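Below you'll find the structure, written out as C-alpha coordinates, and then a few comments.
Residue numbers (our numbering): 37 to 115.
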(Lines of atoms letter the chains of each structure in order from A; the text may use other names.)
(Lines give C-alpha, C1' and ligand atoms only; values in the text may rest on other atoms or scores of the structure.)
Protein backbone atom coordinates (compact mmCIF):
# COMPACT_ATOMS: atom_id res chain seq x y z
CA UNK A 37 0.00 0.00 0.00
CA UNK A 38 1.40 3.39 -1.01
CA UNK A 39 1.47 6.21 1.47
CA UNK A 40 -0.25 9.42 0.33
CA UNK A 41 1.94 12.23 -0.96
CA UNK A 42 1.96 15.77 0.41
CA UNK A 43 -0.76 17.09 -1.90
CA UNK A 44 -3.05 14.16 -1.18
CA UNK A 45 -2.55 14.84 2.54
CA UNK A 46 -3.41 18.53 2.11
CA UNK A 47 -6.55 17.61 0.19
CA UNK A 48 -7.46 15.08 2.85
CA UNK A 49 -6.83 17.64 5.58
CA UNK A 50 -9.33 20.04 4.00
CA UNK A 51 -11.90 17.26 3.52
CA UNK A 52 -11.46 15.86 7.03
CA UNK A 53 -14.41 16.60 9.30
CA UNK A 54 -12.10 16.72 12.33
CA UNK A 55 -10.07 19.62 10.93
CA UNK A 56 -11.65 22.75 12.44
CA UNK A 57 -13.60 24.88 9.96
CA UNK A 58 -11.92 27.95 11.45
CA UNK A 59 -8.50 26.60 10.44
CA UNK A 60 -9.68 25.76 6.93
CA UNK A 61 -11.10 29.26 6.47
CA UNK A 62 -8.01 30.99 7.89
CA UNK A 63 -5.70 28.97 5.64
CA UNK A 64 -7.77 29.65 2.53
CA UNK A 65 -8.09 33.32 3.46
CA UNK A 66 -4.35 33.64 4.05
CA UNK A 67 -3.54 32.18 0.65
CA UNK A 68 -6.12 34.40 -1.05
CA UNK A 69 -4.76 37.50 0.70
CA UNK A 70 -1.21 36.70 -0.40
CA UNK A 71 -2.16 36.28 -4.07
CA UNK A 72 -4.59 39.19 -4.08
CA UNK A 73 -3.37 42.50 -5.54
CA UNK A 74 -5.31 44.34 -2.79
CA UNK A 75 -3.32 44.94 0.42
CA UNK A 76 -3.86 46.71 3.72
CA UNK A 77 -0.57 48.54 3.16
CA UNK A 78 0.22 49.24 -0.52
CA UNK A 79 3.38 47.53 -1.77
CA UNK A 80 4.73 50.68 -3.41
CA UNK A 81 5.68 51.92 0.09
CA UNK A 82 8.89 49.88 -0.29
CA UNK A 83 9.74 48.01 2.95
CA UNK A 84 6.65 48.99 4.93
CA UNK A 85 4.38 47.83 2.11
CA UNK A 86 5.57 44.25 2.34
CA UNK A 87 5.20 43.88 6.12
CA UNK A 88 1.52 42.91 5.94
CA UNK A 89 2.31 40.30 3.26
CA UNK A 90 5.18 38.93 5.34
CA UNK A 91 3.05 38.79 8.50
CA UNK A 92 0.28 37.00 6.61
CA UNK A 93 2.81 34.55 5.17
CA UNK A 94 4.27 33.75 8.60
CA UNK A 95 0.85 33.38 10.22
CA UNK A 96 -0.55 31.21 7.44
CA UNK A 97 2.57 29.02 7.32
CA UNK A 98 2.52 28.53 11.10
CA UNK A 99 -1.16 27.61 11.12
CA UNK A 100 -0.68 25.27 8.16
CA UNK A 101 2.25 23.53 9.88
CA UNK A 102 0.24 22.94 13.07
CA UNK A 103 -2.95 21.87 11.29
CA UNK A 104 -1.11 19.59 8.86
CA UNK A 105 0.87 17.89 11.64
CA UNK A 106 -2.31 17.31 13.66
CA UNK A 107 -3.98 15.76 10.60
CA UNK A 108 -1.01 13.47 9.88
CA UNK A 109 -0.76 12.34 13.50
CA UNK A 110 -4.51 11.83 13.77
CA UNK A 111 -4.52 9.62 10.69
CA UNK A 112 -1.22 7.93 11.55
CA UNK A 113 0.34 8.84 8.22
CA UNK A 114 4.02 8.12 8.71
CA UNK A 115 6.92 8.96 6.47
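Idealized CB from N, CA, C, for every residue including glycine. Just so we're clear, the structure is a prediction, and the values are computed from it rather than from any experiment.
Would you mind sorting residue i into buried or exposed? The rule is 16 or more other CB atoms within 10 Å of its CB.
{"i": "residue 68", "result": "exposed"}
{"i": "residue 81", "result": "exposed"}
{"i": "residue 63", "result": "buried"}
{"i": "residue 57", "result": "exposed"}
{"i": "residue 98", "result": "exposed"}
Please report the distance separating the alpha-carbon of residue i from that of residue j.
{"i": "residue 89", "j": "residue 38", "result": "37 Å"}
{"i": "residue 53", "j": "residue 107", "result": "11 Å"}
{"i": "residue 92", "j": "residue 66", "result": "6 Å"}
{"i": "residue 40", "j": "residue 73", "result": "34 Å"}
Check each candidate in the options and name the one with the smallest Cα separation from residue i.
{"i": "residue 86", "options": "101, 106 and 75", "result": "75"}
{"i": "residue 71", "options": "103, 96, 104 and 42", "result": "96"}
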